[in-house]
Amino acid sequence: MFKFNLQTIGARNLKTSLSVFICIIVFELLGRSSAFFACIAAMMCMQDTVENSYKMGKNRMLGTFLGAVVGLLLTAIFNVLSIQHFIVYALLTAIGTTIAIFLCILFNCKGAINSACIVVFAIMTNLKGVGSYDYAFNRILDTFIGVIIAIIINRLVYPYQKKTEEKTN
Numbered sequence: 000m001f002k003f004n005l006q007t008i009g010a011r012n013l014k015t016s017l018s019v020f021i022c023i024i025v026f027e028l029l030g031r032s033s034a035f036f037a038c039i040a041a042m043m044c045m046q047d048t049v050e051n052s053y054k055m056g057k058n059r060m061l062g063t064f065l066g067a068v069v070g071l072l073l074t075a076i077f078n079v080l081s082i083q084h085f086i087v088y089a090l091l092t093a094i095g096t097t098i099a100i101f102l103c104i105l106f107n108c109k110g111a112i113n114s115a116c117i118v119v120f121a122i123m124t125n126l127k128g129v130g131s132y133d134y135a136f137n138r139i140l141d142t143f144i145g146v147i148i149a150i151i152i153n154r155l156v157y158p159y160q161k162k163t164e165e166k167t168n
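Numbering (numbering that gives the first Met the number 0), first residue to last: 0 to 168.
Here is the structure:
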């Protein structure tokens, strides 16, 4: 049997929802096509403290940027090769995964690995109707918007206050 834990809705839950709401409003006002990636970034970056939100945001941005660079370089290589075969595509995607992970470790940002790899996959699978360069730029911009919104909301709306015990330790 399932046991339900019915608690009140907490501040972090509300701040996450508010961040997603603001992402969608901002995208509509800017005339951008989809707030999907901004909403994901806002949700992922809404952490228990502003400092942790900042750290997560840094990882999301670095991972997104590194993944975009790796994905674009490999797309360029794939496009100049005379052998446009799925095995070459699969091999380049695997190599891109290795490079993305290596770069994240090299820059001491292991927390950016997932984001970097996801962006490599997205670029290498060449989203229908969207060029790789446009996708990479928009993914970086959308992630940035979501990260900034989450950090601002986390700082301004019910910011985490250390308990008295934590302050003294």
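Each residue gets a CB set at the ideal place from its N, CA and C atoms; glycine is no exception.
Do residue 125 and residue 14 have their C-beta atoms closer together than 8 Å?
no
Does the separation of the CB atoms of residue 138 and residue 118 fall below 8 Å?
yes
Boundaries (first-last residue) of the alpha helix (DSSP H) holding residue 20:
10 to 29
Of the choices 101, 135, 76, 57, whose alpha-carbon is the least far from that of residue 147?
57
If I'm right that residue 156 touches residue 28 with Cβ under 8 Å, what's the distance once you round it to whole angstroms?
Contact doesn't hold; Cβ gap of about 20 Å is too wide.
What number of angstroms, rounded off, separates the C-alpha of residue 149 from the C-alpha of residue 104?
26 Å
Is the Cβ-Cβ distance between residue 67 and residue 122 less than 8 Å?
yes
Quick check on residue 132: buried or exposed, where buried means 16 or more other Cβ atoms within 10 Å of its Cβ?
With fewer than 16 other Cβ atoms within 10 Å, it is exposed.
Going by beta carbon distance, what residues of the same chain come within less than 7 Å of residue 59, once the five residues before and after it are set aside?
40, 43, 44, 114, 142, 146
Do the CB positions of residue 95 and residue 69 come within less than 8 Å of each other?
yes
Nearest candidate by alpha-carbon position, reference residue 98, set 49, 71, 51, 31
Closest by alpha carbon: 71.
Alpha carbons only, please: which of 51, 48, 20 is nearest the one belonging to residue 38?
20
Span of the alpha helix (DSSP H) around residue 113:
Where residue 113 is concerned, the enclosing alpha helix (DSSP H) stretches over 112 to 123.
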